[in-house]
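Residue 1484 is where the sequence shown starts when you use the working numbering, and the numbers rise one by one after that.
Think of the CB as a built atom: it goes at the ideal place given N, C-alpha and C, for glycine as much as any other residue.
As the structure is a computational prediction, the values presented were derived from the model and not from experiment.
So the structure is just underneath, and the comments pick up after that.
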Amino acid sequence: MNDMTGVSFLPLGGTGEIGMNLNLYRQGETWLAVDCGIGFSGNDTPEAEIILPDPVFIAERRDRLAGLVVTHAHEDHLGAIAHLWPQLGCPVYVTPFAAAVLRRKLGEAGLLQQVPIHVIAPGSAFTVGPFDLRFVSVTHSVPESQSLVLRTPQGIIVHTGDWKIDPDPQVGPPTDLETFAELGREGVLAMVCDSTNVRTEGPSASEADVRREMTRLIASLEGRIAVTCFASNVARVETLAMAAKAAGRRVAVVGRSLRNLEVAARECGYLSDVPHFLSEQDANSIPDNQILLIVTGSQGEPRSALSRIAADTHPNIALGEGDTVIYSSRMIPGNEQAVIQVQDSLTRRGVHVITDKDHLVHVSGHATGGDVRKLYDLVRPRFLIPVHGEWRHLTANAAIAQELNIEPVLLEDGDILDIRADGVEIGDTAPTGRLVLDGGRILPMNGGVLSARRRMLFNGMVLGSFAVDEEGYLIGDPKVSAPGLLDADDPETQRVTEEFGNALDEIPDELRENDATFREAAKTALRRALGRKLQKRPLVDVHLLRV
């Protein structure tokens, strides 16, 4: 990788899964990062809530990292910047709307004055170190989404970001197909393309269709109406505001991310034709038939506004018999159980739940198979690198490319693809991994803390406590606590406690002199007392008090 004209592509997150996008390009000796996002935990990671890509590879080369370019303002593309930037230490290049969102996140992290932010107008050309770059405007479910064009010594590379084809997107311009066609006529060496919705056949449905259906639906409903959608979908928020206005309803937003979205959108000139939204406190002064609530929590997040409303624990908003909740969003894979649980709780309260299976209340912001074919016909890249999706999405994208005589290259996170005018080759691999945002800490997914938490989740934990005299002999009886495994009044708890005490008495004298060796011997004694009867391997720990 020392060829000064060489170009490489390296995905560190987002290949083979939905979130956590972090991509690297190398030109000569210099690196460029594209996007830096978070993922949310699913059923396979109950011990974590927010997941980050591990940037160790590029953090070790930060002196050669020219910058980070953000394609759009979704959490899975910029949500990790405030957490990982101290390891990267590079300038960040964003459009105005993404800058407005990012600045709030950096402010909360205390990094706003440290991070150099360069605001780039949509569709503009710019340079980052040796990289000759250009944004191309595309339609997605957030304003100012951009594809990125890299002009390299080996040829043109197009990084699509998230996109779709929608002739009437309601907010922002349609995808700039003419510029893509111009690139195609010029000749494109490789395209790195979003795969999330490629298994859906035909062209994408339009946000205009959702606006028409939502206007009709909201006008037909009685009682309170709550609609949940992705907070960053400004076009959808505007659609809901327009539909509410047509039905004679005021709009209130419920949830912090929606309030932040409104501020960022209005700051950048969006929602200019929409009256300012009411607060959730103000909503209670409006008659039920005259209010529409836009609520966070479409993915069943436990602490979200909608989850608390469903559990009747929200401090300001209540829904019940005769009210309606509309899910104007898709269910992200892995969140099915959480979403269904919230919907079930709402239904128990007498709330009517409407989803996209009932009415056209949502369209995807990602390109369908039909969109992808159309773009490939225009751009005609020699090589196609599918990214951003689970493996079934990547292979479906690759199959479309093959149909059109485009050579697909399937990568795993960490594969370093060398891209040359005469071909492509996986030349090396980089270390990859997942980090977990745990409160204010960043922890390795496979580190001791998370491993212990996983073990406790499935096998429980047993804690033994005992006091000894100066010579290390028991004073009184030990105590055994096994939360999530044994109840305090369970006869098995009494048996384990007695056997633990007997085992402590049998520990050799030479192990009692040092607290560290005594604790290890006591852990072994507690494991022996637990035996095989529980058919579990709980996390075992002891507290020793020397009197």
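Among the bridge pairs identified by DSSP, residue 1540 is matched with none. Non-local C-beta neighbours of residue 2029 in its own chain, meaning closer than 6 angstroms and more than five positions away in sequence, comprise 1951, ordered along the chain. Between residue 1598 and residue 1575, the CB-CB gap stays under 7 angstroms. Under DSSP, residue 1797 takes part in no beta bridge, so it has no partner.
The beta carbons of residue 1829 and residue 1793 sit about 5 angstroms from each other, so the pair counts as a contact at 8 angstroms.
One thing to note: residue 1904 has its Cβ within 7 angstroms of the Cβ of residue 1637.
Annotation for residue 1773: 1731, 1732, 1733 place their beta carbon closer than 7 angstroms to its own, counting only its chain and skipping 5 residues before and after. In this structure, the beta-carbon distance from residue 1747 to residue 1583 falls below 7 angstroms. Looking at the backbone, the Cα of residue 1809 and that of residue 1495 are separated by about 36 angstroms. The region 1842 to 1853 and the region 1669 to 1684 touch, with three or more beta-carbon pairs separated by less than 8 angstroms. Taking all protein chains shown into account, residue 1997 has fewer than 16 neighbouring C-beta atoms within 10 Å of its C-beta and is therefore exposed. For residue 1492, there is no enclosing alpha helix (DSSP H); the residue is part of the beta strand (DSSP E) that begins and ends at 1490 to 1496.
Looking only at 1592, 1561, 1545, the smallest Cα-Cα distance to residue 1572 is reached by 1545.
Restricting attention to alpha helix (DSSP H) runs no shorter than 4 residues, the region 1809 to 1835 encloses them at 1819 to 1831, ordered along the chain. Inside the region 1839 to 1863, DSSP marks whole alpha helix (DSSP H) runs of 4 or more residues at positions 1852 to 1862, from first to last along the chain. Residue 1508 counts as buried, since at least 16 other C-beta atoms from the protein chains shown sit within 10 angstroms of its C-beta.
Its Cα nearest to that of residue 1925, the residue 1566 stands out among 1875, 1744, 1566. The shortest CA-to-CA distance from residue 1984 to any of 1993, 1973, 2013, 1972 is the one to 2013.
Approximately 19 angstroms separates the beta-carbon atoms of residue 1657 and residue 1679; this is outside 8 angstroms, ruling out the contact.
Ranking 1783, 1786, 1707 by CA distance to the CA of residue 1834 puts 1707 first. At the C-beta level, residue 1776 and residue 1737 come within 7 angstroms of one another. The alpha helix (DSSP H) runs of length 4 or more contained entirely in the region 1702 to 1761 are, from start to end of the chain, 1717 to 1729, 1739 to 1750. The Cβ-Cβ distance between residue 1663 and residue 1626 does not fall below 7 angstroms. Ranked by how close their Cα comes to the Cα of residue 1673, the residues 2020, 1763, 1869, 1988 have 1869 in first place. Inter-residue distance for residue 1635 and residue 1556 is about 26 angstroms (C-alpha atoms, whole angstroms). Contact between residue 1812 and residue 1713 holds: their C-beta atoms lie close to 6 angstroms from each other, under 8 angstroms. Spatial neighbours of residue 1692 in its own chain (CB-CB distance under 8 angstroms, excluding positions within 5 residues in sequence) are listed in chain order as 1843, 1846.
Beta-bridge partners of residue 1506 (DSSP): 1494, 1517.
Per the DSSP secondary-structure output, residue 1676 pairs in a beta bridge with 1869. Taken in chain order, the complete alpha helix (DSSP H) segments of 4 residues or longer contained in the region 1951 to 2018 are 1974 to 1988, 1998 to 2013. If you draw a straight line from the Cα of residue 2027 to the Cα of residue 1992, it is about 16 angstroms long. The alpha-carbon of residue 1872 is positioned some 26 angstroms away from that of residue 1825. In the DSSP assignment, residue 1878 falls within the alpha helix (DSSP H) that extends over 1874 to 1886. The C-alpha of residue 1522 is placed about 6 angstroms away from the C-alpha of residue 1559. Here residue 1624 is not near residue 1606, since their CB atoms are 7 angstroms or more apart. In terms of Cα proximity to residue 1570, the closest of 1554, 1798, 1594 is 1594.
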